[in-house]
Amino acid sequence: MRAQSGIPSFIHRCRVYYEDTDAGGIVYYVNYLKFMERARTERLRELGFVQSRLAREGLLFVVHSSEARYFAPARLDDELLVSAQVCESNRASLRFHQQVRRAADDALLCEGRVLVACVRADSLKPRAIPEALRAVLAGPGPSSAGE
-8 MRAQSGIPSF IHRCRVYYED TDAGGIVYYV NYLKFMERAR TERLRELGFV QSRLAREGLL
52 FVVHSSEARY FAPARLDDEL LVSAQVCESN RASLRFHQQV RRAADDALLC EGRVLVACVR
112 ADSLKPRAIP EALRAVLAGP GPSSAGE
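Start counting the sequence shown at -8; every next residue gets the next number (the working numbering).
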């Protein structure tokens, strides 16, 4: 189990659209989870692991559990900075620590942790995370065995 200490942090930029807001004109709370999902997907893509290709190879990442805290609202047209940092890696799961910040003032709007499980596409049974991905997540340096 090791965080991505040797890998540069990742930020996904996105914009708030009408479809993201509620009747009060602020981002509906569940949409922060969508922003986080996109950031995790783009994080894996940046590391060379495209979700559609993984699915064709019989591997899916599915959300096992999530938690979120909300600090301030985002509004229509706000540009958001969404981080996706692996904070724990196990044989068949990854835990991400994520933040959603407003780009204009760097205000923390939402913070959460999401546990994703690696499963077989045909049975949805747990499977080991591919060694190539584990190696990238471990970053440069000595092996993380025994941590």
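Beta carbons are placed, not taken as given, at the ideal position from N, Cα and C, and that holds for glycine.
As the structure is a prediction and not an experimental result, all values here were calculated from the model.
Got a sec? Which residues, its chain only, sit under 6 Å from residue i by beta carbon, not counting five neighbours each side?
{"i": "GLU102", "result": "ARG60 and GLN90"}
{"i": "VAL127", "result": "LEU38"}
{"i": "ILE2", "result": "LEU72 and SER74"}
Which of the three DSSP states, helix, strand or coil, is assigned to residue i?
{"i": "PHE26", "result": "helix"}
{"i": "TYR9", "result": "helix"}
{"i": "GLY137", "result": "Residue confidence for GLY137 is low, a pLDDT of 44 falling below 50, so the modelled location carries little weight and cannot support an answer."}
{"i": "LEU38", "result": "coil"}
{"i": "ARG4", "result": "strand"}
Find out if the Cβ-Cβ distance for the pair residue i, residue j is shorter than 9 Å.
{"i": "VAL77", "j": "PHE62", "result": "no"}
{"i": "VAL54", "j": "VAL105", "result": "yes"}
{"i": "ALA75", "j": "ALA30", "result": "yes"}
Report, in whole angstroms, the separation of the C-beta atoms of residue i and residue j, which I expect to be a contact under 8 Å.
{"i": "LEU72", "j": "ALA65", "result": "Wrong, their Cβ atoms sit about 11 Å apart, outside the cutoff."}
{"i": "LEU51", "j": "VAL110", "result": "5 Å"}
{"i": "ARG118", "j": "ALA83", "result": "6 Å"}
Starting from residue i, trace the alpha helix (DSSP H) both ways and give me its first and last residue.
{"i": "ARG47", "result": "42 to 47"}
{"i": "VAL127", "result": "122 to 129"}
With residue i as the anchor, note down where its beta strand (DSSP E) starts and where it stops.
{"i": "GLY103", "result": "99 to 111"}
{"i": "ALA63", "result": "Segment: none, ALA63 is in no beta strand (DSSP E) and carries neither H nor E."}
{"i": "PHE87", "result": "84 to 93"}
{"i": "LEU71", "result": "70 to 74"}
Using a Cβ-based criterion (distance less than 8 Å to any ligand heavy atom), does residue i qualify as near the ligand MN?
{"i": "ARG31", "result": "With respect to small molecules bound, the structure shown includes none, and the ligand MN cannot be examined in it."}
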